[in-house]
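Counting in this note's numbering, the sequence shown tops out at residue 326, every number present.
Note that CB positions come from ideal geometry on N, CA and C, so glycine has one too.
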Amino acid sequence: MSNVAVLLPAYNEEVAIASMILLSSKYADEVIVIDDGSSDRTSDISKLAGATVLRHETNEGKGAALKTGFMYAKDFDIIVTIDADGQHNPAEIPDVIKPIEDDVADIVNGSRYINGTDKNTPKYRRVGQTVLDTATNIASGVKLTDTQSGFRAFSSDSVKYFNFDPDGFGIESDMLIEASNNNLRITEVEITVRYDVETSTDNPVVQGLSVLMRILEIMRFNRPLYFYGISGSIILFFGILILLTIRNTIYGGNIYLMAIGIFVMIMGIILFLSGIFTDTMTRFKK
């Protein structure tokens with residue numbers, strides 16, 4: 041039987057943390073709370089509920105919290121990460137770890153979208169998640185339906201491949217990209233998510249844009265053909281659009297607008313060709 045650790049990265053989660061610990065402990069040999077500089081009673085309540093508490097004196101971000109947790113739990117067979125705010129159901133831990141126990145996966149991603157759109161997901165969230173899912177899948181080369189899920193399971197052997205960027209933004213995408221780059225087996229299982237709980241106070245738009253920028257930065261190096269190719273195609277399209285807009289006035293002396301259109305088209309072509317060249321060089325180095 042596998043030796044299982046559950047990691048709960050937490051920041052000011054005194055309301056939900058006790059129930060998450062008690063529920064998780066039914067399916068784990070040890071529950072570990074990483075208190076990332078909370079100003080409330082998260083640490084005290086976690087200890088009373090029976091968890092091992094690892095505390096950061098300041099808020100260092102989710103990436104740093106996970107790094108602390110994974111380093112502590114490195115000797116466990118399976119490590120499960122789950123959000124501490126109560127939106128995930130610890131009773132689904134056996135389903136999430138099963139593919140690893142069956143040796144068909146190194147990483148299991150819990151997804152609420154395997155069988156289509158979760159009707160409970162707020163529409164504004166789903167739009168943002170779709171953008172991040174698409175960008176992450178392109179950057180990683182895998183095809184997952186819920187790339188920002190915090191409910192995951194990892195084999196002990198997979199942990200050594202993660203860098204754990206201290207910046208909390210984009211850690212879920214980072215881990216998938218690093219796993220794919222190292223040819224780890226990734227699969228998904230269905231989970232449920234509650235939306236009637238208090239979640240992060242961070243602005244979701246700002247946070248989403250920060251994650252997207254992080255993914256695009258990684259994509260520039262991992263998938264240059266997509267990054268430069270898509271950018272170049274969009275710019276080329278606008279250049280053509282400018283020329284089409286003035287097609288009836290070219291002979292009427294609108295030379296400046298025509299020059300702008302041609303310049304934009306050339307920039308698009310250069311970007312597209314840069315993508316092909318960089319992608320070829322990247323493949324050659326591999």
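Query - Asn221 - DSSP class collapsed to helix/strand/coil - result: Residue state for Asn221 is assigned as helix, using DSSP reduced to three classes.
Requested in this report: Would you mind stating whether Ile217 and Leu106 have Cβ atoms separated by less than 8 Å?
Outcome: Cβ distance not < 8 Å, so Ile217 and Leu106 don't count as in contact.
Query - Residues near Leu47 in its chain [Cβ-Cβ closer than 6 Å; skip 5 each side] - result: Ile72, Gly109, Thr121.
Query raised in the report: Mind checking whether the beta-carbon of Ala179 lies closer than 7 Å to any heavy atom of the ligand MG?
Result: No copy of the ligand MG occurs in the structure displayed, which carries no ligand at all.
Query raised in the report: Skipping 5 residues on each side, what residues in its chain have a beta carbon closer than 6 Å to that of Leu63?
Result: Answer for Leu63: Pro130, listed in chain order.
Query raised in the report: Among Asn203, Ser189, Asp117, which one has its Cα closest to the Cα of Asp146?
Result: Taking only the C-alpha atoms, the option nearest Asp146 is Asp117.
Requested in this report: Classify Asp117 as helix, strand or coil using the three-state DSSP reduction.
Outcome: In the structure shown, Asp117 sits in coil (DSSP, three-state: anything other than H, G, I, E or B).
Query raised in the report: Where does Val136 fall in DSSP's three states?
Result: Val136: helix per DSSP, three-state reduction.
**Report entry** Cβ pair count under 8 Å reaching 3, the segment 213 to 233 against the segment 165 to 180
**Finding:** Because the criterion of three Cβ pairs below 8 Å is met, the segment 213 to 233 and the segment 165 to 180 touch.
**Report entry** Residue burial classification, Arg234 (beta-carbon count within 10 angstroms, cutoff 16)
**Finding:** Around the Cβ of Arg234, a 10 Å sphere holds fewer than 16 other Cβ atoms; the residue is exposed.
Query raised in the report: Candidates Gly279, Arg263, Gly301: which alpha carbon is nearest Phe317's?
Result: Out of Gly279, Arg263, Gly301, Arg263 has the C-alpha closest to the C-alpha of Phe317.
Query raised in the report: Counting Cβ pairs, one atom from each stretch, are 3 or more of them under 8 Å apart for the segment 49 to 59 and the segment 76 to 84?
Result: Under the 8 Å Cβ criterion, the segment 49 to 59 counts as touching the segment 76 to 84, having at least three qualifying pairs.
Report task. Write down the C-beta distance between Ser86 and Asp69 rounded to the nearest angstrom, noting that I regard them as a contact closer than 8 Å. Result -> Incorrect: roughly 17 Å between the Cβ atoms, too far for contact.
Report task. Out of Lys102, Lys114, Leu281, Ile231, point me to the one whose CA is closest to Phe191's CA. Result -> That would be Ile231, whose Cα lies nearest to the Cα of Phe191.
Query - Supposed close pair Ser151, Leu184 - CB separation, criterion 8 Å - result: Contact holds; Cβ gap of about 7 Å.
Query raised in the report: Residues in its own chain within less than 7 Å of Val93 by CB, not counting five upstream and five downstream?
Result: For Val93, where only same-chain residues beyond five positions count, the Cβ hits under 7 Å are Val73, Asp75, Ser83, Ser86, Lys87.
Requested in this report: Can you tell me which of Val136, Arg225, Lys138 puts its alpha carbon nearest to the alpha carbon of Ser198?
Outcome: Of Val136, Arg225, Lys138, the residue nearest in Cα terms is Arg225.
**Report entry** Euclidean distance between Cα positions of Ser42 and Glu141
**Finding:** Taken atom to atom, the span from the alpha-carbon of Ser42 to that of Glu141 is near 7 Å.
Report task. Name the residue from Thr187, Gln188, Asn221, Asp186 whose alpha carbon lies nearest to the alpha carbon of Phe202. Result -> It is Asn221.
Query raised in the report: Where does Gly208 fall in DSSP's three states?
Result: Summary for Gly208: the model assigns pLDDT 49, below 50, so the residue's position carries little reliability; its value from the coordinates is reported in the next sentence. Coil at Gly208, not helix or strand.
**Report entry** Beta-bridge partners of Ile72, as assigned by DSSP
**Finding:** Paired residue(s): Leu47, Thr92.
Query - Backbone secondary structure at Phe194 - three-state DSSP - result: Three-state DSSP puts Phe194 in a strand.
Query raised in the report: Secondary structure at Ile147, three-state DSSP: helix, strand or coil?
Result: Ile147 falls in the strand class under three-state DSSP.
Query raised in the report: In angstroms, rounded to a whole number, what distance separates the CA positions of Tyr112 and Ser196?
Result: Distance between the alpha carbons of Tyr112 and Ser196 is about 12 Å.
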